[in-house]
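Engineer:
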Amino acid sequence: MTRTATPVPTTTRRELHDGWTVSAVAGPVPAGTVVSDVPATVPGSVHTDLLAAGLIVDPYLDDHERLLAWIGRTDWVYTTRFAWEPDGHERHDLVFDGLDTVAEVRLNGTMVGSTANMHRTYRFDVGPLLVEGENELVVRFAAPVPYADRQSLLLGYRPQVNQHPFNAMRKMACSFGWDWGPDTATSGIWRPVRLESWSVARLAQVRVHASVAEPATTNGAEAAAGRVRVVAEVERSGSGGTGLTLAATVAGVRVQVPTDGDRAEVDVVVPEVDLWWPRTHGDQPLYAVDVELRAGADVLDTSARRVGFRTAALEIEPDDDGTSFRFVVNGVPVWVRGANWIPDDAFPHRVTRERYAARIDQAVSANLNLLRVWGGGIYESDDFYDLCDERGVLTWQDFLFACAAYAEEDPLRSEVEAEVRDNVARLGHHASLVLWNGSNENIWGFHDWSWQQRLDGRTWGLGYYTELLPRVVAELDPDCAYTPSSPWSGSLDVHPNDPRHGSMHEWELWNRQDWPHYRDTVPRFMAEFGWQGPPAWSTLTRAISDDPLTPESPGMLVHQKAMQGNDKLTDGLVAHVPLPDAMEDWHWAMSWNQAIAVRTAIEHYRSWSPRCMGAVVWQLNDCWPVTSWAAVDGDGREKPLLVALRHAFADRLLTVQPRGEAGELVVALVNDSAEGWRGDLVLRRTRYDGVEIEAVKVPVDLAPRTTTTIPVPADVARAQDAAGELLVASLGHESATWFYAEPRDSALRSPALHVEVTSTEDGARVRVTTDTVVRGLSLLADKVHPDAVVDDALVDLLAGESVTFHVTAPTTLDRSALADPRVLRSVNQLVSRRPAVSA
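All letters in the sequence shown, in the order written, are residues 1 to 839 by full-length UniProt numbering.
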């Protein structure tokens with residue numbers, strides 16, 4: 001007689017996202033407002049649930065942020081009921097991927113756990129509490145604002161840059177407001193929740209490390225041997241579980257090992273893999289890694305990842321110019337064309353994979369190759385990193401410490417270690433991830449922001465940055481680089497923001513100095529810099545209903561979070577063009593100035609390659625409609641700055657730069673492409689009416705990934721009439737201009753523009769021809785239709801030249817509106833108020 005063993009069921013995962021309600025249970029709920037059993041969305045938040053129910057106004061509009069401050073001072077309860085019946089599994093775990101933030105969880109009236117960290121995953125064994133039939137799950141959230149205040153008293157005061165002590169709790173710092181973000185401290189189940197049922201054993205944690213067994217050292221290498229190491233932490237149910245095996249499969253190669261303990265490792269060697277490269281350096285092949293935990297023939301649990309095979313290093317080494325800071329992938333130095341990334345919504349659960357894809361596509365369209373996830377936000381979602389892997393966009397993830405001192409004692413310390421372990425293990429396999437960074441500006445803050453006196457001996461986070469975090473990274477993601485902070489000079493003995501050493505942040509520009517002074521400093525790597533500008537016109541007018549709308553009208557000031565922001569906008573503009581009186585002119589002037597300021601900085605930094613090896617602009621995106629440093633506004637619309645990034649970060653760049661104390665002009669040729677660049681560099685000095693004064697040709701032959709500078713001959717460089725002349729450099733399809741005078745001091749006049757508009761299947765084609773020099777010609781297409789997008793902007797035209805703008809839109813566009821002077825903008829309009837247009 002043969003006995004057949006009973007199969008062990010595979011782990012099941014059941015989402016618990018349905019049937020939730022939310023109620024206010026304590027706090028300053030406005031008189032006359034009843035918030036009880038409101039239908040709730042999970043993942044979600046209180047703000048978005050109340051908004052969906054029509055109980056509050058949109059916090060992003062006008063001054064509604066202030067009206068809704070009571071939400072962050074109120075306790076909330078989320079409740080749902082779900083049916084359950086025994087399914088043969090031995091264990092049943094309630095798993096929350098994210099609770100925001102201070103919560104107690106009860107199942108059928110029994111408390112199963114409490115939480116105090118938005119950035120952790122929580123797991124509770126609830127098997128003994130489940131009942132056949134209906135079960136009630138309740139999550140009660142304590143109000144975050146008073147909780148932060150109480151914790152600040154408990155832990156002791158630490159300096160920070162906000163009106164709330166965000167550094168006293170482990171919640172997204174910018175949810176309490178920032179100098180670009182609203183104060184929308186909320187509560188909610190912000191990431192998925194599920195019931196996981198399992199037997200015998202489960203994969204408690206899976207870490208996957210892909211490496212190149214034979215390191216590539218040649219740019220463009222197609223293949224190498226690859227190794228994948230899978231490290232699994234195993235939890236057992238207590239009912240036995242001996243004789244388990246861990247198996248991993250990569251590219252058709254399968255390896256399995258026995259495991260009798262709570263940890264197992266398996267190495268898979270793939271004889272030939274294609275290398276993963278950053279965008280513009282090669283392709284981004286990704287390989288599936290399938291992991292199984294088995295008991296005999298039974299699959300107990302599975303896990304899946306995708307990896308890319310590459311080597312990556314951050315070189316911080318002494319040299320003749322100080323200390324380098326450069327990323328090297330597959331043996332090839334990569335000049336970083338980057339932007340800082342903040343949460344794309346003040347309520348980050350609303351950011352879908354499609355929205356991540358749209359934003360990262362905009363980054364790619366701007367020729368970016370790196371996004372830095374800033375430390376005042378969140379550890380970004382798997383979708384974000386998956387998409388960066390696919391597109392070849394390098395990523396660096398800050399640990400979540402920003403612009404503040406942090407207590408290193410419990411209860412904060414244990415929360416920090418738990419969140420770091422969760423997230424390093426979750427994200428460490430991504431090919432795009434090349435840096436874990438300990439903090440944003442905190443070591444700099446300790447040096448220069450009067451922290452030492454205020455702290456009076458209290459801990460402030462240094463132990464996290466130099467001991468705890470690098471230890472966890474070395475354990476869980478050993479192949480990834482780590483830095484204690486940004487900026488970082490490479491040593492605690494060197495000032496953290498010394499431009500000669502390591503990475504630098506540049507905020508004297510914008511805060512105190514005008515943008516031409518970007519050229520005064522040659523950093524080794526610029527990790528933060530930027531200039532403010534308003535959102536797109538359609539975004540601005542959707543979010544603010546002021547009548548009249550002015551730069552200082554009430555709604556505009558609410559949507560300007562920077563200290564003395566409007567004054568800095570004005571001070572940074574008036575040296576270049578007069579301050580406009582009309583609101584639409586003000587909007588255009590500030591948009592242009594933001595774009596030119598940042599473009600000036602980037603072209604300067606790139607002209608100093610390889611001494612400088614990267615520029616990471618502040619910032620790519622916004623989380624709501626606001627005047628800010630972003631290139632893409634809170635409604636996802638592209639500002640002129642995004643086009644400026646596209647030009648300044650192009651693979652091949654021509655830029656005219658002043659050099660030395662005398663400011664003698666040179667042309668910098670930057671060839672950050674895989675092909676050589678050769679031809680005749682043509683240098684011409686012309687008058688605004690198109691008459692050429694001097695010209696010269698210089699043959700050039702530039703190798704791939706190199707930069708050179710060529711002096712402009714004095715007879716070409718030296719203007720006879722600074723107000724009415726410009727220098728033009730061109731090589732093939734690339735060109736650059738140098739104006740000898742600021743627009744306000746120049747002979748710019750109103751051009752007679754000839755505009756031809758042709759309708760197309762997806763929008764329109766707009767060809768513009770000018771009879772004189774036009775600076776910064778741009779088509780603000782969203783003024784014609786809020787979803788219209790134009791392919792170019794900020795074009796400088798010489799007399800007789802033309803440019804064609806391609807506009808895409810979801811509907812037929814008004815052809816005359818595309819030629820309207822309020823839509824078709826130039827700097828000429830800001831210094832000469834009588835534009836002439838013929839169509």
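All C-beta atoms in this analysis are idealised placements derived from N, C-alpha and C, irrespective of residue type, glycine included.
(1) Which residues mark the beginning and the end of the alpha helix (DSSP H) in which residue 806 is found?
(2) Which term fits residue 761, buried or exposed, when burial requires 16 or more other beta carbons within 10 angstroms of its beta carbon?
(3) Determine the burial state of residue 134: buried for a count of at least 16 other Cβ atoms within 10 Å of its Cβ, exposed for fewer.
(4) What distance in whole Å lies between the Cβ atoms of residue 731 and residue 676, which are believed to be in contact at a cut-off of 8 Å?
(5) With distances taken Cα to Cα, identify the nearest neighbour of residue 462 among 407, 512, 477 and 450.
(6) Secondary structure at residue 209, three-state DSSP: helix, strand or coil?
(7) Are residue 640 and residue 778 close, meaning C-beta to C-beta below 8 Å?
(8) Taking the alpha helix (DSSP H) that residue 903 falls in, what are its first and last residues?
(9) When the Cβ atoms of the segment 473 to 481 are set against those of the segment 425 to 434, are three or more pairs found closer than 8 Å?
(10) In this structure, how does DSSP classify residue 465 when only helix, strand and coil are distinguished?
(11) What are the start and end residues of the beta strand (DSSP E) that includes residue 92?
(12) Who does residue 710 pair with in a DSSP beta bridge?
(13) Starting from residue 767, follow the beta strand (DSSP E) in both directions and report where the run begins and ends.
(14) Could you check whether residue 338 and residue 52 sit closer than 8 Å to each other, using their CB atoms as the reference points?
(15) Just grab the DSSP bridge partners of residue 302 for me.
(16) Which residues in the same chain have their Cβ closer than 8 Å to the Cβ of residue 343, if we skip the five residues on either side of it in sequence?
(17) Whole angstroms are fine: how far does the CA of residue 711 sit from the CA of residue 754?
(18) Reducing DSSP to helix, strand and coil, say where residue 777 ends up.
(19) What's the C-alpha gap between residue 535 and residue 635?
(20) Pull up the distance between the alpha-carbon of residue 816 and that of residue 187, whole angstroms please.
(21) By the 10 Å Cβ neighbour count, where 16 or more other Cβ atoms means buried, how is residue 131 classified, buried or exposed?
(22) State the DSSP-derived secondary structure class of residue 679, mapped to helix, strand or coil.
(23) Excluding five sequence neighbours on each side, which residues of the same chain lie with their C-beta closer than 8 Å to the C-beta of residue 775?
(24) Measure the beta-carbon distance from residue 259 to residue 246 and round it to whole angstroms, keeping in mind my assumption that it falls under 8 Å.
(25) Alpha carbon to alpha carbon, what distance is there between residue 151 and residue 453?
(26) Please return the same chain residues whose Cβ sits closer than 6 Å to the Cβ of residue 790, not counting the five positions on each side in sequence.
(27) Output yes or no for whether 8 Å exceeds the beta carbon distance between residue 402 and residue 439.
(28) Which residue spans inside the segment 585 to 640 form an unbroken beta strand (DSSP E) run of at least 3?
(29) Would you please state the rounded distance, in angstroms, between the beta carbons of residue 326 and residue 118? I believe it to be under 8 Å.
(30) Buried or exposed: which applies to residue 840, given that a residue is buried once 16 or more other Cβ atoms fall within 10 Å of its Cβ?
(31) Between the alpha carbons of residue 336 and residue 735, how many angstroms are there, rounded?
(32) Which one of 340, 315 and 319 has the shortest CA to CA distance from residue 328?
(33) To the nearest whole angstrom, what separates the beta carbons of residue 375 and residue 345, a pair I think is in contact under 8 Å?
(34) Can you tell which of 236, 320 and 202 has the C-alpha that lies nearest to the C-alpha of residue 299?
(35) Is residue 458 helix, strand or coil when you go by DSSP?
(36) Taking residue 385 as part of the alpha helix (DSSP H), name the residues at either end of that continuous run.
Structural biologist: Taking the definition as stated:
(1) Here residue 806 refers to the residue found at position 806 of the sequence shown. Not the alpha helix (DSSP H): residue 806 falls in the beta strand (DSSP E), residues 802 to 808.
(2) To locate residue 761, count along the sequence shown from 1; it is residue 761. So residue 761 ends up on the exposed side.
(3) The residue labelled residue 134 in the question sits at position 134 within the sequence shown. Looking at its Cβ environment, which holds fewer than 16 other Cβ atoms inside 10 Å, residue 134 is exposed.
(4) To locate residue 676, count along the sequence shown from 1; it is residue 676. To locate residue 731, count along the sequence shown from 1; it is residue 731. Not confirmed; about 12 Å, so no contact.
(5) Along the sequence shown, read from residue 1 onward, the residue named residue 462 stands at position 462. The shortest C-alpha separation from residue 462 is found at 407.
(6) Position 209 of the sequence shown holds residue 209. DSSP places residue 209 in strand when its eight states are reduced to three.
(7) What you label residue 640 is simply residue 640 of the sequence shown in a count that begins at 1. What you label residue 778 is simply residue 778 of the sequence shown in a count that begins at 1. Yes; because the gap between Cβ atoms is below 8 Å, this pair is in contact.
(8) Missing from the structure shown is residue 903; the chain here goes from 1 to 839 and no further.
(9) yes
(10) The residue given as residue 465 occupies position 465 in the sequence shown. Helix.
(11) Against the sequence shown, residue 92 aligns to sequence position 92. Run containing residue 92: 91 to 96, per the beta strand (DSSP E) assignment.
(12) By 1-based counting over the sequence shown, the position of residue 710 is 710. Looking at the DSSP assignment, residue 710 forms a beta bridge with 667.
(13) Here residue 767 refers to the residue found at position 767 of the sequence shown. Run containing residue 767: 763 to 769, per the beta strand (DSSP E) assignment.
(14) Residue 52 sits at position 52 when you count from the first residue of the sequence shown. Residue 338 sits at position 338 when you count from the first residue of the sequence shown. No.
(15) Stepping through the sequence shown from its first residue, residue 302 is reached at position 302. According to DSSP, residue 302 bridges with 292.
(16) Along the sequence shown, read from residue 1 onward, the residue named residue 343 stands at position 343. Same-chain partners within the cutoff: 172, 174, 351, 377, 378 and 623.
(17) As a working mapping, residue 754 is identified with position 754 in the sequence shown. As a working mapping, residue 711 is identified with position 711 in the sequence shown. If you take the alpha carbons of residue 754 and residue 711, they lie about 36 Å apart.
(18) Along the sequence shown, read from residue 1 onward, the residue named residue 777 stands at position 777. The answer is strand: DSSP assigns residue 777 an E or B state.
(19) Position 535 of the sequence shown, counted from the first residue, corresponds to residue 535. Position 635 of the sequence shown, counted from the first residue, corresponds to residue 635. Approximately 9 Å between the Cα atoms of the pair.
(20) Numbered from its first residue, the sequence shown carries residue 816 at position 816. Numbered from its first residue, the sequence shown carries residue 187 at position 187. Cα-Cα distance, rounded: 48 Å.
(21) The residue given as residue 131 occupies position 131 in the sequence shown. Exposed is the call here.
(22) Counted from its first residue, the sequence shown places residue 679 at position 679. Here residue 679 sits in strand by DSSP.
(23) Residue mapping note: residue 775 aligns to position 775 of the sequence shown, counting from 1. Taken in chain order, the residues that qualify are 739, 743, 748, 796, 826, 827 and 828.
(24) For this step, residue 259 is matched to residue 259 along the sequence shown. For this step, residue 246 is matched to residue 246 along the sequence shown. Sure, about 5 Å apart at Cβ, within 8 Å.
(25) Your numbering for residue 453 matches position 453 in the sequence shown. Your numbering for residue 151 matches position 151 in the sequence shown. Looking at the two C-alpha atoms, the distance is approximately 21 Å.
(26) Here residue 790 refers to the residue found at position 790 of the sequence shown. For residue 790, where only same-chain residues beyond five positions count, the Cβ hits under 6 Å are 779, 781, 805 and 807.
(27) Start at 1 with the first residue of the sequence shown, and residue 402 comes out as number 402. Start at 1 with the first residue of the sequence shown, and residue 439 comes out as number 439. Their beta carbons are under 8 Å apart, which means residue 402 touches residue 439 by this criterion.
(28) 614 to 617
(29) Translated into the one-based positions of the sequence shown, residue 326 becomes position 326. Translated into the one-based positions of the sequence shown, residue 118 becomes position 118. Actually they are not in contact, since the Cβ atoms of residue 326 and residue 118 sit about 34 Å apart, beyond 8 Å.
(30) Because residue 840 is not part of the residues shown, which for the chain are 1 to 839, the question remains open.
(31) Position 336 of the sequence shown, counting from 1, holds the residue named residue 336. Position 735 of the sequence shown, counting from 1, holds the residue named residue 735. If you take the alpha carbons of residue 336 and residue 735, they lie about 22 Å apart.
(32) Looking up residue 328 in the sequence shown gives position 328. Checked all of 340, 315 and 319; the closest Cα to residue 328 is 315.
(33) Position 375 of the sequence shown, counting from 1, holds the residue named residue 375. Position 345 of the sequence shown, counting from 1, holds the residue named residue 345. Between residue 345 and residue 375 the Cβ distance is about 18 Å, and since that is not below 8 Å, they are no contact.
(34) To locate residue 299, count along the sequence shown from 1; it is residue 299. Measuring from the Cα of residue 299, the nearest candidate turns out to be 202.
(35) Translated into positions along the sequence shown, residue 458 becomes position 458. Residue 458: coil per DSSP, three-state reduction.
(36) On the sequence shown, residue 385 is found 385 positions in, with the first residue counted as 1. First-last of the alpha helix (DSSP H) with residue 385: 382 to 391.
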